[in-house]
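To keep things clear, I will list the structure first and then write my remarks on it.
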Amino acid sequence: MEKIRAFIKKNPGFCVFSLLALAVIAVAVFAPVLATHDPNEAVLANAVQPPSAEHWFGTDRMGRDLFSRVLYGARTSLTASLSLVGIIMVAGTFLGIVAGYFGGVLDAVIMRISDMMISFPGMVLAIAVAGIMGANLANAVIAIAIVSWTKYARLARSLVLKIRSRDYIAAARVTGSKTSHILWQYMLPNALPTILITGATDIGTMMLEIAGLSFLGFGAQSPTAEWGLMLNEGRAYMTAAPWLMVFPGLAIFITVVVFNLLGGSLRDVLDPRNE
Amino acid sequence: MRTKWIKKAAAAVLAAVMTVSLAACGSGNGNTSQGGGTSAADGTHLNFSCYNYSNSMDPITNVNSSWCFLRYGVGECLFRFDENVEVEYALCDAYETEDYTTWVLHIRDGVQFSNGNAVTASVVKASLERLYDAEANKTGNSTPSQYVTFSSIEADDEAGTVTLVCDSRTVNLPGILAYPWYGIVDTSVIDTEVIGTGPYYVTALEENSTIDLARNEYYWDGEVPYDTIRIFLTEDSSTKAMALKSGDVDLVENITTASDLMELEADDAYYVSTTAGVRLGNSYFNFNGVLGNDALRQAILYAIDDATMCDITVGGMYTAGCSVLPSSLSYGYDQLTDPFSYDLDKAVETLDAAGIVDTDGDGCRELDGQPINLNYIAYTSRNLDEFAQAVAITLESIGIGCTVTVQDYDTALANQSAGSFDLITSNATTVPTGDPTGFLGNFYSGNSGTYGYYANDQYDALYERLLAATDADEQLELIIQLQQILIDDAATLVHGYYNSTFASRASVVSGADIAPIDYYWITTKIRPAA
Amino acid sequence: MKKYDFLKRLAQIVIILFGISFLTFGLTYMAPGDPVRAMYAASGTIPSEEILDETREALGLNKPFLTQYVSWLTDCFHGDFGTSYSYSRPVAGLLLARLWPTLKLALLSLALMLIVAVPLGILSATRRGGIADYLVRGLTFVGVSMPNFWVGLLLLYIFAVQLKLLPVVSAGQGFSKMILPAVTLAFAMAAKYTRQVRTAFLEELNQDYVTGARCRGIRESVILWQHVLPNSVLPLITMLGLSLGSLLGGTAVVEVIFSYPGLGSLAVDAITSMDYSLIQGYVLWIALIYMVINLLVDISYGLMDPRIKEGGR
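Chains as they are written, first to last, in my numbering: chain A, 12 to 286; chain B, 166 to 695; chain C, 22 to 334.
Below you can see the structure in the form of structure tokens.
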């Protein structure tokens, strides 16, 4: 208890932002409770109504309650971006550690592939991949993952290289520790803090990229409640029904801000040297 | 020392970046002088915004390019349709035929192309031959033989006549020749530019951006009101509406966003011309899939609230109806009865009665033990995707699974021809040549392979009689019967009839009325407001 | 940069291009959908199976994957990137026509971004901990967190629809047509760069020579403008190069919103209409341009800063 209080005192920012992030996650989890309507219930005759007591954010062109859809959109966006960050973090770190520890051909192959991805504007390939594989949210996540894992691989590799030649690793090797043990016991913990910080700061960016693909029509498909898609649907009604554009946009913005702040403060906690 | 050097270098680079950027903007700046509003103090100018259907205006390229040829007021056909979709003379001013196979068309005297070349019988012959040659050797994608094929085309420049010998009896040849494919081009210069006889000609073209037109000084049919016209090719409907409101353009075609259209209609500063169009918006059922089940199709027709979808979902862009032929045309719409008009309870009853129920409690009904999940393909043109989504949402609400995939037109058409769909949206002109026979053929079992495999022997027999009929009353009677069969069979999901619109700034433009058959946009009737 | 390094980089570029060409070709090869059908559909005709097969034969689309890949690559070497069926024109010409508008847009947005980011970054660094600093840092936060398509929509709504300051449609790729998309693109970038300038500036302010100069009584403004600024701005050049590269590929969303006829909107069109040769050509081009820009940046950087020796800092 004492420790927790000290931690809070030392890292007030982190605590506040964690709470905010938890609140966003709570909105996603408890969307069914919080929502005033079924997000997919369409009353065609009630299309494009302005915000009112009945529909707090108004209704969309299919007569669905926008407030409820924005809440449910948190589920879609968070699930997609968290799983995306999870995938690239795990895959990237694994490949990076393997490349760094074993070196040789394995290293060369992994790093050349990573060069290929990095020497290339990610969004281009992501659009191409998502478009070619067919437009849906899962493919959009895969597409972005394909072009984004390299950052983690490079990071993990450089961290591994830094300590590979240290004495205690050599000692572990001499005493006959299994390779998997060394990787798990020494390499991973060493790389983890940096990787976690990068991952946390990446959540916001990834959310924007997923929303961007959905906006272009290469991500989530109707009738999914997804913010990027909702913005695209609302775009045609910009002059007559600006609320269709304002609320989903605000939702993305707020969520991204919260996760960006969280990422930044996590860096301060784990790596105080960095300003 | 070092820092100074670096500073210079850095400054130089920054300066370079800015200069290049500013130069870049500068070079573009010149083009924009005519950007918005009615420019050019001297002379009359019109700014028109429309969707870009094709970057080509050559009738042989494809359907859309031929339409652009006519729509931009650049080209004309031998015949044209008036506002009642009746054929009238255009470049041809008289014809004779005895047996509806050999036609002698007289070419209007004194007509010139916009480059001053005379429109002679032999040029007309060359233009038509070029069209068929392009189809034969695949240099073009237009398929004129779809409507008529000729065993010979002869020109007599002395008499000013072209003699067309059709391969079969073709009663409606003038209507067919009014279709944009058969637009007449100056074949002597076609390798370098597309020249027609329309009131305007192209002076400059920037792909996907703008087309500049100028008055055709040689125009044959009355005065041409504008010195110059600039066409802004605009992808989405909202942008068109905004451009009209901001004054960037004076006239726009087909605003398909309901909210924008309502706003414009409510404002006296704008003149909105709407016409009950000749286009049918519908979704074809695939009879080779689960939708071969009669009860399921009937339930779908019961479940769909066409009136609300037409009035609210697409904001009045369509007029609701039950038949494949628009109610505005004189094909006996009043005599038809619709047994499946909107009734959600009946839809559920029908499904339950047919044993299409949810047995495993997942909220989705099953047919023959398989959960129903309809593959609904839509494309974004003319609100079709909105219909599809509204339909899907409605069907989901009564336990019929339905997934909408929005594709571009070409991909959707490819899927349609491959038969890989359960439902697919469509928006087509029902009387492309002034006659619905061709369109009704979509449901003839000999042709219906690409429209969902509908088949009904009685329909086929009546349709064959229609093809042979020459008497107008008999034709009408058959057409009415055919329509009723389609309704009774729940052959297709009719959404409604597309209303074409023109919206213009009332203070600047007059006479901007849209023609029911949408081959014509820019005409000499559109003129500066007095 | 040494000659050897340069050659090594060139070799690397070639290898990477190979990889990317293989990847894109493989992806389009595996992609669902039938390009031949789509090709016919584009013309509004519905072909029979025989015609489809004939066309596949004629286009070599029924040959094994590797054969197709090699013949495609050989053609690319000859500058022939194939023909786009949706435009019925050579891919290379299409891309070239769209390159300049996108390049203009990218350069303008970079310039706009610099005009905003450099002063703000300096302001924030020199007033470190002050109100200005907090304000600027807050703004940068907003900048990086707003989806650029939302920014674009809001700008369009405010300036073109509500205030009617800018034309909604205009001819060509004139300045007035470029300004909103450029501002949109500059928005997020400016936030990133402001932070960068601030960090670089602070780092430089902590250098010994600054302290020394202060001790020698040199005026603060002289120190700032003549020493700190040039030294801290230099690293930006690398970033600028990278940004230019990613802008060429990253303008798609903004181009779509503002219906700006550039490479990005071309790519989106190509993908929705399954125009494979166009997609392949586009991806390959962007990769090539991006890598050449990076190479040029590295070279110029090496030339400008004698501190950079091979092996990096």
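Note that the Cβ used here is the ideal one computed from N, Cα and C, for glycine as well.
Asked, Found
"Member of A:I208, A:L207, A:T209, A:R184 whose CA lies at the smallest distance from the CA of Y197 (chain A)", "A:R184"
"Same chain, Cβ closer than 6 Å to I34 (chain C), five either side skipped, listed in chain order", "M312"
"For S264 (chain C), the nearest candidate out of C:D26, C:G233, C:L82, C:L126 (CA to CA)", "C:L126"
"Proximal residues of chain B, C-beta to C-beta of A181 (chain C) below 7 Å", "M407, S411"
"Nearest-angstrom Cα separation, counted from G606 (chain B) out to A252 (chain A)", "42 Å"
"Partners in chain C for N621 (chain B), counting only beta-carbon separations shorter than 9 Å", "What N621 (chain B) touches in chain C: nothing, since even the nearest Cβ is about 21 Å away."
"Beta carbon of Y391 (chain B) nearer than 9 Å to that of I691 (chain B)", "yes"
"Residue range of the beta strand (DSSP E) that includes V367 (chain B)", "365–371"
"Min CB distance T147 (chain C) to chain B below 9 Å", "no"
"Host alpha helix (DSSP H) of Y230 (chain C) (start-end)", "229–236"
"Simplified DSSP assignment, three categories, for Q60 (chain A)", "coil"
"Close Cβ partners of E13 (chain A) (< 8 Å) along its chain, the five nearest in sequence each way excluded", "none"
"Interfacial residues, the segment 561–588 of chain B to chain C, with Cβ spacing under 7 Å", "D573, D575, T576, L578, A579, S582, A583"
"Test: T478 (chain B) CB closer than 9 Å to a CB of chain A", "yes"
"Cutoff 7 Å; reference L258 (chain A); Cβ partners in own chain excluding five residues on either side", "Before going further, note that residue 258 (chain A) is Phe rather than Leu in the sequence given. Answer for F258 (chain A): F68, L77, V81, listed in chain order."
"N-terminal and C-terminal residue of the beta strand (DSSP E) that G661 (chain B) is part of", "657–670"
"Beta-carbon proximity check, N227 (chain B) vs T598 (chain B), cutoff 9 Å", "no"
"Any 3 or more C-beta pairs closer than 8 Å across the segment 426–442 of chain B and the segment 496–506 of chain B", "no"
"Below-9 Å beta-carbon distance, N373 (chain B) vs any chain C residue", "yes"
"Cβ separation of R119 (chain C) and L284 (chain C), assumed to be a contact under 8 Å, to the nearest whole Å", "5 Å"
"Candidates B:D401, B:C242, B:D247, B:D654: closest to G361 (chain B) by CA position", "B:C242"
"Backbone secondary structure at G446 (chain B) - three-state DSSP", "strand"
"Assumed close pair Y449 (chain B), A472 (chain B) - CB separation to whole angstroms, cut-off 8 Å", "Contact flag wrong, Cβ pair sits at about 21 Å."
"C-alpha distance - Y90 (chain C) paired with A141 (chain A), whole-angstrom precision", "21 Å"
"Endpoints, beta strand (DSSP E) assigned at A320 (chain B)", "315–321"
"Interface positions of the segment 249–276 of chain A facing chain C (Cβ-Cβ less than 7 Å), listed along the chain", "M249, T250, P253, M256, G260, I263, F264, V267, V268, N271"
"DSSP-derived helix/strand/coil call for W246 (chain C)", "helix"
"Any C-beta of chain C under 9 Å from that of D401 (chain B)", "yes"
"A85 (chain A) versus V44 (chain A): straight-line alpha-carbon distance, rounded", "14 Å"
"Closer than 9 Å to chain C by CB, G115 (chain A)", "no"
"Helix, strand or coil at D415 (chain B) according to DSSP, with G and I counted as helix", "coil"
"Proximity of I268 (chain C) and L175 (chain C) at Cβ, strictly below 9 Å", "Before going on, a small fix: residue 268 (chain C) reads as Leu here, not Ile. Their beta carbons are not under 9 Å apart, which means L268 (chain C) does not touch L175 (chain C) by this criterion."
"Closer than 9 Å to chain B by CB, G239 (chain A)", "no"
"Through-space distance from G274 (chain A) to I263 (chain A), alpha-carbon basis", "16 Å"
"Per DSSP, the bridge partner or partners of Q572 (chain B)", "B:Y544"
"Host alpha helix (DSSP H) of T205 (chain A) (start-end)", "199–227"
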